[in-house]
Structures are given as C-alpha cells and as structure tokens.
Amino acid sequence: MIDQLLQMSIIVGIITTGVRLATPFLLAALGEMFDQRAGVYNLGVEGIMMMGAFVGFWVALRSGSPWWGILAAIAVGIFMGLLMGFISITLQAEQGISGIGLYMFGVGLAGYLFRITVGYITGIEGFQPISIPYLSDIPILGQILFNHNWMVYFAFLMVPVSWFVLFKTTWGLKIRSAGMTPEAADTLGLSVVAIRYTCLVIGSIAAALAGAFLTLGHTNMYADNISAGRGFIAVALVYFGRWSPWGILGGALFFSLVDALQLWVQVLGLQIPYEFAVMAPYVLTILALTVAARQIWGPAALGKPFNREGD
Amino acid sequence: MKSSYKVQLAILVIAVISALLVGAILLLIVRANPFTAYRAMLLGPFSSLYGLTETAAKATPLMLVGLGIVIAFRSGILNIGGEGQMIIGALAGTVVAITLQNWSPFLLFPLTMLAGFLGGALYGAIPGALRAYFKVNEILSTIMLNAIAQQVLVFLLRGPLIDPTEIAYGTGFPQTQQLARGIWLGKLIPQTRLHWGFIIAIVLAILVYIFLWRTVVGYRLRAVGAGPKAARYAGIPVEGGLILAMALSGGFAGLAGIVEVLGIHHRLLDGVSAGYGFTGIVAALFGRLHPIGLIPASFLFGALVLGADMMQRAVAIPAAIVLTIQGIMVLFVVGSDIFIRRPEWVEKVTAPLRRKTPQPALPVAVSPGGTSDQGEPPRD
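First to last, the sequence lines map onto chains Z and B. Each residue of the first sequence is one higher than the one before, starting from 4 at the first, in the working numbering. Each residue of the second sequence is one higher than the one before, starting from 712 at the first, in the working numbering.
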C-alpha cells in the first residue's frame, strides 16, 4: 500500500516536473520557430539562454525582485537578437557558423560575468507557484497542471498565441513569405530585412526568457552550464515539430518528461549510472531528428542570406 | 569575383583587431588594464622558449582538428563535432594501448594511432550517414554527439577505465593508468612539452592539401561541396562523399585526441578535448578553409589560447573570457566575409574615409562596381 502510494507520488512528481521543465523548451523553440519561419537559422540559442539565465539571476539578486531579472533578460534578448541580425542579415554571413560564434560568445560571457560579479553559488528568491483557483483542487491533475509559477503558464499560453499570429494574421503571412520566397515578398514591397530582424529579436527574447526561467523559475540559482544543451535541443525541436507550434508543444513535453525522469533518476539514486541519465535527452534528440527528418518540410529559404541584388 | 589575397589578409587582420578591442572593453569592466593584459597575451607566447614551444604544442591539436574541419567544409558539410570525435579517438586509442600494453612498442604505437583515427572516423561517420540518408541536420547531430561522448568519457574514466592505483589510494580521480612509456610521442625539444605530434600535424596538413587539390577523390569531395546538384549530374555519388568527408574529418579529430594523450598527458583524463574541437573551427575559418592557411592560423590560435592563460595569470581574470573572445572572433570573421565575397562593399565602407584624405589618384584607380581583382590596398 505504502509502496503504491510512493510510486504514485513519484509518477505525479515526475510529470509535474516535466510540465514545469517544458517551459524553457517551449519558449526557446517557439522563438526559434519564428526565426526559422522568417528564414534565419539561429544556432546561438544556447548562448542567448545562458546570458538570459545569468543576467536575469544577477539583476534579481541585486534588486531583490525576479521581475527586474525578467526585464533584464528581455534586454539581453534584444541585444543578442540585434547582434545575430547584424551579422547574419545585414552582413549576410553563413548562419550556421555565426550561430556557433554567438553560442561561444554567450556561454563565455555569461561564465565570465558570473565569475567576476558573484563567483559562488547563491540562492535567490524566484517566482512562487500560483495555484489556479478551483482547477488546482482537482486531484492529481490539479497538482500536475495548475500549481506552477507564471512563466510556466505563459509558455503554454504562447503555443496557441504563436499559432494564431503565424497562421491567422497578415503579419504571420508576411513572416512565412519571408522564409519561403523572400524574392517574391520583396517584390510585393515587404521588407524582408525588417521582418527577419523583428523575428530574430522576438526569438532571442524568448530564448533569453527560457534561460531566465532556469534561474528565476526553476532552480533559483545560477551555475555554470545551467542550460546544459537545452538551447540546441530547442533548435532540434523546431525540426521535430515541423515548424508548427503544436508540433513543438508535443516535442517539448516529450523532452521535458525525459529531462524530468533523468533528474528523478539522479534524485532517487537508482542503479542506472548518472552519466547515462544525462545522456538520454541527447540520444533521443538524434533519434527524434532521424525519424522526423525523413519527410522534412521547412521554410524554403531557411539559412539563405537575403540580398536584394540577387546572387 | 573575389578580393585579392592582400585585401583578404587585411580584412582578417582588421577582424582580429576589432575582436581584441571588444575584448578590451570586457577587460575594462573588471578594471584590468587591457595593455598589461594584452601585452602578456600577445608577447608572452613569443618571448621565451617556453612560450614558443607551448604555442606549437597547443597548435598541434588545433591543426589536426582543423584539417578535419577543412575537409568537411570543403565537402559541403559542417562538422561541429570535433570535441566528441577527439574524445572518442582518444578513448579508442587508449583502450587499445591499455589492452595490448605488453606488445612491442613498434607494433603498439601504430595500432594506438590507428585506433585513435578510426575511433574518430566512426564517430564522425554517424552524423555523415544521418545527413546523407536521413537528411538530419549535421550541426545538431554533431552537437548532440559531443555531449554524448563527454558522458561516455566520464562514465568510463570513473568506472571500467579508472587507474587501479587511484582506487587503491582511494583518491578516485577520474583518469586512466599511465600508458606504456615506449609508445609516448618523443619530445622535439627536451624539457618542453613540444613533441613529434607537431611534425606529424604539419606533414598531414601538406598531405591533406595534396589530397583535396591533386587527387580524384579530393576533387570529387570539393565538387560535392561546391554544388551537390551539379555533382550529382556529373555522376559523383553525393551520399558516399558526405560520409567519407565526415569520416575523414572525424578521423583527424580522433587523431588529435590520441596525439594529445600520447604526446602531452600520457594517460587519458577528463578534459582531453579542452575546447580544441571548437577552437579548431575558428582556426580553420581563419586559415580560410585551406590546409596550408591552417598552419599559421593554428599558430595564431595556439598563441591566443596560451596567451589567454598568461593574461589570466598577469591580471587575474576568469578563464571564460577566452571562449568569449573566440566567439567574438568567429562573429567578426564570418561577418567580415561579405567584404571578401563582395569587393564593392569594401569601397562602400571606405568611401567616406577616402573623401576626408585628399588623394585624387586613388579613388579613380578603383574600377566602378569593383569588378577588378585588384581590390583595395589595406588601409592601415
């Protein structure tokens, strides 16, 4: 009886953690979806996440309020988005490499700034869970779904919102055309450059918020490599979810459950070597990409710099 | 239409200087004196025998990894998996060296090196095959494989491969036993860490150049890289080309891994890849993706990595700044590439400068539209 109860509470615990951990995947991947829909392949997500995680943490630590941390993370997102935009859109650089450059820059800078400003592990007051009235009283389901902090709700809310924006508004149509047929979009008088810049900034803000969630809404502290490859997995999720918010939602939930399971395996001290638990999400990403990539469909101009003179 | 080599070099130099200037701002944030810092960083590697040999020792793995990156890039595939391939290469070689430790060094040394190459090659072939047959984006798969290799390494070093004396003394430091002295790479200069791997790397750089530009297979790889569709029409098997390129690319990284083990550490330990997989990409980009250009570029980055160590000691700043500066350099190099691909951009940018300095002969000499191969002379 007690065994069963214990198992039940563990399963509920894993799923609850999984729902919470879907937040960084959802935010970063939905943001990356906007980048890619507009035709820019932003591989710097991991670097932006680390910067968002650090700056959000640091500002929260200094100001005493996680809300200032969120504002700072948004500012970081804008800066990183503009930087990536300048290099990949204005200077038309090879996007795969500039993304790796942005990744190195972001991870390095976050680590550097952490060392010179704080230097040790210290906790902050993060966001508290908000129980949704009535809904959180539902047994099991209430705890799993309706007892999280606002960032979790926000991330899930962004799924239908970004679907609506992308497929039901004129602006969404413009974004998609910038990624599919930029030449045609240009001929129709749209500014491909402006659309791409806007999407990159939106995507970078989302990635920075995903990082800030890790420090302000999940662990309430900053540590080296806190993002642990989630930024790259988020990029993979966009492929896996076929550039659709709903597909991304499915993929994000799947990966966050694996992530949660992996954390619980460590907590419970099961016999599986810890390294294999850490490895699991990466192995799964490769498998998922292999399955998803077969009938791949993507924005036709993805990764191709746009240049009006034509090449 | 491309810029002349002079302009290309000038653009690279400007990119480096700009990156260092941004780095100087980061140094000023910690109130470190950028002049003291950069003097230690730029002169340190060249002002002593220790500095010079350490630079060459650090350039060795960079050159080997970089060669793999060049082969992959030239074949139209991006290899970000240098770190993982280095680890698997070092692992495969070490396992062979430990298993067959009683064999004669004359047999064991080549077998260990071969195992290192093959380990990296197999690990590189995975993303190559995934890309060729399943259209899996190779950047993502190689990054995932890096993380997997790191975990495999740590698991094996803590478990099956751990040095028995570490267990006996109860320290449990994650490293293997020392490999047989007979298979160590000999020192080029006594009392330094510079070893024969350095000569091997330079010879291989020349061989890779010959391979890519003077052999049929190399030509085919470059044709796939230049345009897979055209290559396919020409009857070149694109899929096989991608896998071969990635296998070779991974093989060179694997070699870098085992050369580090045999030449520097003499045992396998955590952190054997030490970021060379990423820095190798930067070096390859700086060498303009050419095996011969890679040689000086590896020196430059060997010096930068060592110089950053020295700078750290001189002004006590966190190590993470090395990665930051490298990231900035990548951004500047790929960003400045437009000036090489489109020489008219050079004119666009330098036009206001030219107007201020009255030199009537110069602006006229440059052909309108920048179609000439002359380009602009360096402006500093």
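Idealized CB from N, CA, C, for every residue including glycine. It should be emphasised that the depicted structure is a prediction, and the values quoted were computed from it without experimental measurement.
What alpha helix (DSSP H) runs, 4 residues minimum, are completely inside the region 957-1023 of chain B?
-> 987-997
Is Leu-979(B) buried or exposed, if buried means 16 or more other CB atoms sit within 10 Å of its CB?
-> buried
Mapping DSSP to helix, strand and coil, what is Asn-857(B)?
-> helix
Own chain, CB closer than 7 Å to Ala-1076(B), minus 5 neighbours either side, in chain order | Reliability fails at Ala-1076(B), whose pLDDT of 42 lies under 50, so the model's placement of it is uncertain and the value that follows must be treated cautiously. Counting only Cβ-Cβ distances below 7 Å, and skipping sequence neighbours, we find nothing.
In angstroms with no decimal places, state the Cα-to-Cα distance between Ala-858(B) and Val-865(B).
-> 11 Å
Answer yes or no: do Val-781(B) and Val-919(B) have a C-beta to C-beta separation smaller than 8 Å?
-> yes
Within chain Z, partners of Phe-989(B) - CB distance below 8 Å | Ile-103 and Met-107
Below 7 Å CB to CB, which residues in the same chain sit around Gly-991(B) once its five sequence neighbours on both sides are set aside?
-> Listed in chain order, the non-local C-beta contacts of Gly-991(B) below 7 Å within the same chain comprise Leu-773, Val-776, Gly-777, Ile-780 and Gly-793, local neighbours out to five positions each way being set aside.
Anticipated Cβ contact below 8 Å, Val-718(B) with Val-972(B), distance rounded | Contact flag wrong, Cβ pair sits at about 41 Å.
Rounded C-alpha distance that separates Met-183(Z) from Arg-40(Z) | Their Cα atoms are separated by approximately 8 Å.
Could you check what DSSP says for Ser-139(Z) in three-state terms: helix, strand or coil?
-> helix
If contact means a Cβ-Cβ distance below 8 Å, which residues of the region 834-861 of chain B contact chain Z?
-> Leu-841, Phe-845, Lys-846, Val-847, Asn-848, Ile-850, Leu-851, Ser-852, Ile-854, Met-855, Leu-856, Ala-858 and Ile-859
So, does the CB of Ile-1097(B) fall closer than 8 Å to a CB anywhere in chain Z?
-> Nothing about residue 1097(B) can be reported from this structure: the residues present for chain B run from 712 to 1091 only.
Compute the beta-carbon to beta-carbon distance between Leu-1042(B) and Leu-105(Z), rounded to the nearest angstrom, for a pair I have assumed lies under 8 Å.
-> In this structure Leu-1042(B) touches Leu-105(Z) by the C-beta definition: roughly 7 Å separates them, less than 8 Å.
So, is Arg-1053(B) buried or exposed, given that buried needs 16 or more other C-beta atoms within 10 angstroms?
-> buried
Going by the beta-carbon positions, is the gap between Ser-786(B) and Ala-995(B) smaller than 8 Å?
-> no
Would Thr-771(B) pass as a contact of Val-970(B) if the rule is Cβ separation under 8 Å?
-> Taking 8 Å as the Cβ cut-off, Thr-771(B) and Val-970(B) qualify as a contacting pair.
Tell me, please, whether the CB atom of Ala-255(Z) is closer than 8 Å to any CB atom in chain B?
-> Chain B, which has no Cβ nearer than 8 Å to the Cβ of Ala-255(Z), makes this no.
Please classify Gly-232(Z): does DSSP put it in a helix, a strand, or coil?
-> coil
Look at the alpha carbon of Ala-721(B) and the alpha carbon of Ala-783(B), and state the distance between them as a whole number of angstroms.
-> 26 Å
Looking only at its own chain, which residues have a Cβ that is under 7 Å from the Cβ of Val-15(Z), when we skip the five neighbours before and after it?
-> Ile-143, Gln-146 and Ile-147
Show which residues of chain Z have a CB atom less than 7 Å away from the CB atom of Thr-1035(B).
-> Phe-108, Gly-111, Leu-112 and Tyr-115
Taking just the CA atoms, how far does Ser-758(B) sit from Phe-257(Z)?
-> 55 Å
Pro-284(Z) to Val-261(Z), Cα distance in whole Å?
-> Approximately 6 Å between the Cα atoms of the pair.
For Asp-1048(B), which residues in chain Z fall below 8 Å Cβ to Cβ?
-> Leu-94, Ala-96 and Glu-97
Note down the Cα distance separating Leu-160(Z) from Ile-1028(B), rounded to an integer number of angstroms.
-> 42 Å
Hey, quick one: how far does the alpha helix (DSSP H) through Trp-61(Z) stretch, first residue to last?
-> 48-66
Does DSSP put Lys-717(B) in a helix, in a strand, or in coil?
-> Correct three-state label for Lys-717(B): helix.
Looking at C-beta atoms only, is the number of pairs between the region 941-952 of chain B and the region 813-826 of chain B that lie closer than 8 Å three or more?
-> no
Check distances from the C-beta atoms of the region 1006-1027 of chain B to those of chain Z and list, in chain order, the residues that come in under 7 Å.
-> none
Could you tell me the boundaries of the alpha helix (DSSP H) in which Ala-76(Z) lies?
-> 69-88
CB of Met-53(Z) within 8 Å of CB of Val-121(Z), strictly = no
Can Thr-926(B) be considered in contact with the ligand NAD, in the sense that its beta carbon sits closer than 7 Å to one or more heavy atoms?
-> No copy of the ligand NAD occurs in the structure displayed, which carries no ligand at all.
Below 8 Å, can you find three or more Cβ-Cβ pairs linking the region 233-245 of chain Z to the region 56-74 of chain Z?
-> no
In chain order, which continuous runs of the alpha helix (DSSP H) of length 4 or greater are located wholly inside the region 885-951 of chain B?
-> 908-925, 927-937 and 939-944
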